[in-house]
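Notes follow the structure.
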Amino acid sequence: MNERPSLTELTAFMAVVRHASFRAASDELAMSPSTLSHMMRSLEERMGLRLFNRTTRSVAPTEAGARLFSSLTPVLSELDLALSDVNSFRDRPSGKLRISASEAAAGLLLNRVVPAFLDRYPEMHLDIVTDGRLIDIVSEGFDAGVRLAESVPQAMVAVPLSREMKFLAVASPAYLHAHGEPRTPDDLAKHRCVRFRLPSGKMYRWEFERHGQQLRVDVAGQITLDHVRSMVDAAIKGLGIAYVTSDAAQPAIDQGLLVPILLDWVPTFAGHCLYFPSHRLVPAGLRVFVDLIKELR
6 MNERPSLTEL
16 TAFMAVVRHA
26 SFRAASDELA
36 MSPSTLSHMM
46 RSLEERMGLR
56 LFNRTTRSVA
66 PTEAGARLFS
76 SLTPVLSELD
86 LALSDVNSFR
96 DRPSGKLRIS
106 ASEAAAGLLL
116 NRVVPAFLDR
126 YPEMHLDIVT
136 DGRLIDIVSE
146 GFDAGVRLAE
156 SVPQAMVAVP
166 LSREMKFLAV
176 ASPAYLHAHG
186 EPRTPDDLAK
196 HRCVRFRLPS
206 GKMYRWEFER
216 HGQQLRVDVA
226 GQITLDHVRS
236 MVDAAIKGLG
246 IAYVTSDAAQ
256 PAIDQGLLVP
266 ILLDWVPTFA
276 GHCLYFPSHR
286 LVPAGLRVFV
296 DLIKELR
């Protein structure tokens with residue numbers, strides 16, 4: 006290799022691997038797919054390595070490309086942090102803040118924090134990626150994550166984002182009229198339930214609690230979903246009983262579209278937290294984002 010790759014080339018390489026697509030990466034980088042493809046071929050020629058396996062429909066890193074991506078991820082993350090730290094000397098922070106969040110957590114951010122943050126810091130750009138999986142935010146290139154407090158990994162700084170939350174079993178008035186209302190969690194065996202598939206592929210077992218007694222019920226049903234909003238919609242349509250967070254169900258309850266049941270068995274869970282690594286510099290954008298969360302709490 007006669008010449009060290011430029012930061013622009015390495016940033017482009019990382020984008021192509023993340024998106025597994027020249028077109029999607031080119032959108033992020035604001036350049037044409039043909040220009041990006043030519044840049045990557047030039048990078049491969051100068052390095053003397055094939056970094057990508059290309060087909061007409063997809064692009065994926067070779068073993069060498071995957072190794073390079075893995076090695077560059079912490080290096081470029083530290084570079085971004087260093088630049089963000091210097092950026093804190095500006096009057097107003099600028100740049101991009103990448104956050105990994107569950108579907109529910111993303112909605113929470115959009116309702117409570119994001120509007121005020123973007124209004125207060127117009128030079129900041131938020132990139133919120135929803136994913137049901139609990140990922141390694143450092144290796145995936147995120148500044149922070151938002152998950153339920155019980156899911157926050159160790160060695161992370163956790164900032165409470167919401168108060169304690171409840172899970173509710175809900176059904177439509179029409180369903181309850183036709184099938185009756187269960188009085189205990191054991192009665193669910195006689196009902197149609199909207200099942201929830203976890204990101205791991207396992208079925209979620211509904212959790213109930215009363216007077217210190219805890220029950221976990223593996224419900225049966227004709228429909229299985231993996232998004233909370235879809236579960237609420239299915240319950241509204243009378244397809245069965247759903248088990249969702251109170252925040253997700255409350256709008257439909259207020260409109261009379263859903264009825265909460267088994268209220269004597271409602272468990273309480275710790276709310277959502279924003280979290281980030283404790284051993285790294287905190288970017289200026291994340292620092293003011295955290296300050297705003299604490300202010301609005």
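The sequence shown: position 211 = 216 (our numbering), numbered continuously.
Note that the Cβ used here is the ideal one computed from N, Cα and C, for glycine as well.
(Q) Between Met36, Leu267, Ala69, which has its C-alpha nearest Arg188's C-alpha? (A) Here the closest residue by C-alpha is Leu267.
Q: Assuming Val295 and Ala239 form a contact by the criterion Cβ under 8 Å, report the distance between their Cβ atoms to the nearest whole angstrom.
A: Val295 to Ala239, Cβ: 36 Å. No contact.
Q) Should Glu108 and Arg51 be called a contact, given that it needs their Cβ atoms to be closer than 7 Å? A) No. Outside cutoff.
Q. Thinking just about the alpha-carbon of each residue, which of Glu128, Phe18, Phe74 is nearest to the one in Ser99?
A. Cα-wise, what sits closest to Ser99 is Glu128.
(Q) Tell me which residues share the same chain as Arg103 and place their Cβ nearer than 6 Å to its Cβ, disregarding the 5 neighbours each side in the sequence. (A) Its chain contains Asp132, Phe147, Asp148 as the residues whose beta carbon lies nearer than 6 Å to that of Arg103, once the 5 sequence neighbours on both sides are disregarded; these appear in chain order.
Q. What three-state label does DSSP hand Ile246 in the structure shown?
A. Strand at Ile246.
Q. Distance, Cα to Cα, Val80 vs Ala30?
A. Rounded to the nearest whole angstrom, the CA to CA distance from Val80 to Ala30 is 20 Å.
Q: Keeping to the same chain, check which residues put their C-beta closer than 8 Å to that of Leu301; ignore five residues upstream and five downstream.
A: Closer than 8 Å at Cβ, skipping near neighbours: Arg117, Val118, Ala121.
Q.
From the DSSP secondary-structure annotation, give me the bridge partner or partners of Asn58.
A. Partner(s): Ala65.
Q: Taking 7 Å as the cut-off, decide whether the C-beta atoms of Val224 and Leu262 are in contact.
A: Not in contact: Val224 and Leu262 (Cβ atoms no closer than 7 Å).
Q. To the nearest angstrom, how far is it from the Cα of Gly150 to the Cα of Gly112?
A. So the two alpha carbons sit approximately 13 Å from each other.
(Q) Which same chain residues end up closer than 8 Å to Val237 when comparing Cβ atoms and leaving out the 5 residues on each side of it in sequence? (A) By the criterion of a C-beta distance shorter than 8 Å, Val237 is surrounded in its chain by Val175, Ala247, Val249, Ala253, Ala254, Ala257, Leu263, once the five residues flanking it on both sides are discounted.
Q: Check Val287 in the structure and name its three-state DSSP category.
A: Residue state, collapsed to three classes: coil.
(Q) Using beta carbons (cut-off 7 Å, strictly below), is Ile104 in contact with chain B? (A) Although the question refers to chain B, the structure presented lacks it and comprises just one protein chain.
Q: Write down every uninterrupted run of the alpha helix (DSSP H) in the segment 124 to 182 whose length is 4 residues or greater and which is fully enclosed by it, in chain order.
A: As far as the segment 124 to 182 is concerned, it has no whole alpha helix (DSSP H) run of at least 4 residues.
Q. Where Val233 and Ala163 are concerned, what is the direct C-alpha to C-alpha distance, given to the nearest angstrom?
A. The C-alpha of Ala163 is placed about 24 Å away from the C-alpha of Val233.
Q.
Using a Cβ-Cβ cutoff of less than 7 Å, which residues in the same chain neighbour Leu2 once the five nearest sequence positions on both sides are dropped?
A. Only positions 6 to 302 of the chain appear in this structure, which leaves residue 2 out of reach.
Q. How many whole angstroms separate the CB atoms of Cys331 and Leu166, which I take to be in contact at a CB cut-off of 8 Å?
A. No information on residue 331 is available, as it lies outside the stretch 6 to 302 that the chain covers here.
Q: Look at Ser170 and Gly276 and say whether their C-beta atoms are less than 7 Å apart.
A: The question names Ser, but residue 170 in the sequence shown is Met. Contact annotation: Met170 and Gly276 have beta-carbon atoms nearer than 7 Å.
Q: Determine the contact status of Pro265 and Glu212, defining contact as a CB-CB distance below 7 Å.
A: Pairing Pro265 with Glu212 gives a Cβ-Cβ distance that is not under 7 Å.
Q. Quick one: what's Gln343 bridged to in DSSP?
A. The requested residue 343 does not occur in the structure, where the chain is confined to residues 6 to 302.
Q) Which word fits His130, buried or exposed, when buried means at least 16 other C-beta atoms lie within 10 angstroms of its C-beta? A) Under this definition His130 is an exposed residue.
(Q) For Phe274, tell me which candidate among Asp141, Leu114, Ser177, Ser251 has the shortest Cα-Cα distance. (A) Here the closest residue by C-alpha is Ser251.
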